[in-house]
Amino acid sequence: MTKSVCVFCGSRDGSLPEFQEVAVELGRSLAKAGINLVYGGGQVGLMGHLARAALADGGHVTGIIPEFLNKREIRFDEVSLVVETKTLRDRIKKMEEHSDAFIVLPGGIGTLDELMQMFTMNLLKQQNKPIYILNLNGFWNPFFTMMDAFEDAGFIYPGSRELLKICTTVEDVILAIETDS
Numbered sequence: 001m002t003k004s005v006c007v008f009c010g011s012r013d014g015s016l017p018e019f020q021e022v023a024v025e026l027g028r029s030l031a032k033a034g035i036n037l038v039y040g041g042g043q044v045g046l047m048g049h050l051a052r053a054a055l056a057d058g059g060h061v062t063g064i065i066p067e068f069l070n071k072r073e074i075r076f077d078e079v080s081l082v083v084e085t086k087t088l089r090d091r092i093k094k095m096e097e098h099s100d101a102f103i104v105l106p107g108g109i110g111t112l113d114e115l116m117q118m119f120t121m122n123l124l125k126q127q128n129k130p131i132y133i134l135n136l137n138g139f140w141n142p143f144f145t146m147m148d149a150f151e152d153a154g155f156i157y158p159g160s161r162e163l164l165k166i167c168t169t170v171e172d173v174i175l176a177i178e179t180d181s
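FYI, full-length UniProt numbering numbers position 130 of the sequence shown as 130, with every residue one higher than the one before it.
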């Protein structure tokens with residue numbers, strides 16, 4: 001059963017209000033489903049919207065943040081648990097340790113890095129934790145095209161992309177998590 005889910009998302013709000021809205025909806029939905037939230041520990045951008053929404057609905061929120069990002073991402077001390085790390089590598093390791101599954105929202109290079117690290121760990125069978133990508137308004141379509149190009153060129157195993165569970169709504173993500181548990 002999935003008890004804790006790590007959400008990878010932007011430390012910025014993004015250019016569309018839908019990005020912020022989906023972060024809020026996901027935070028609330030995780031709390032209502034009794035699923036603990038693990039996230040990057042900041043109070044800015046989508047991360048902040050996500051954490052505040054989960055807390056507002058009574059959710060348990062663990063923020064994991066490297067000390068050098070405390071000011072840039074403005075560490076959110078009001079969460080249920082703050083885990084401070086030395087490096088980004090330590091952060092992703094702690095996120096993995098604290099989570100049963102991963103959800104990926106829109107974000108930038110950091111979000112892509114986190115997604116790729118967990119995807120690679122699953123591909124190499126170093127872990128077996130579901131990865132749900134919330135493909136809001138087709139945000140992740142260019143990534144899927146790139147993955148198809150890698151496969152077509154023979155650089156990743158056929159069917160590798162099937163390890164990623166693609167959803168288009170928060171409701172779909174929660175249902176998929178509950179079905180997989």
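Glycine residues also receive a C-beta, built at the ideal position from the N, C-alpha and C atoms.
- Distances from the alpha-carbon of residue 140 to those of 150, 115, 157, 158 put 115 closest.
- Taking the C-beta atoms as reference points, residue 98 is found nearer than 8 Å to residue 6.
- Residue 63 sits in a strand when the DSSP states are folded into three classes.
- Restricting attention to beta strand (DSSP E) runs no shorter than 3 residues, the region 78-155 encloses them at 81-85, 101-104, 131-134, ordered along the chain.
- By the CB criterion at 8 Å, residue 24 and residue 53 fall inside the cutoff.
- Around the beta carbon of residue 135, 16 or more other beta carbons sit within 10 angstroms, so the residue counts as buried.
- By the Cβ-count criterion, residue 11 is buried, with 16 or more other Cβ atoms from all chains shown falling within 10 Å of its own Cβ.
- Secondary structure of residue 15 (DSSP, three-state): coil.
- For residue 117, the CB contacts under 7 Å within the same chain, skipping 5 residues up- and downstream, are 92 in chain order.
- By the 16-neighbour rule on beta-carbons within 10 angstroms, residue 32 is exposed.
- As a beta-bridge residue in DSSP terms, residue 165 pairs with 132.
- For residue 173, the enclosing alpha helix (DSSP H) begins and ends at 170-180.
- Taking residue 109 as the centre and dropping the five residues before and after it, the same chain places no C-beta closer than 6 Å to its C-beta.
- Per DSSP, residue 69 is not a residue of any beta strand (DSSP E), being assigned neither H nor E.
- DSSP links residue 6 through a beta bridge to 38, 102.
- Boundaries of the alpha helix (DSSP H) around residue 52: 45-56.
- Rounded to the nearest angstrom, the gap between the Cα atoms of residue 39 and residue 124 is 24 Å.
- Three or more Cβ pairs closer than 8 Å define a contact, and the region 68-79 meets that threshold against the region 41-60.
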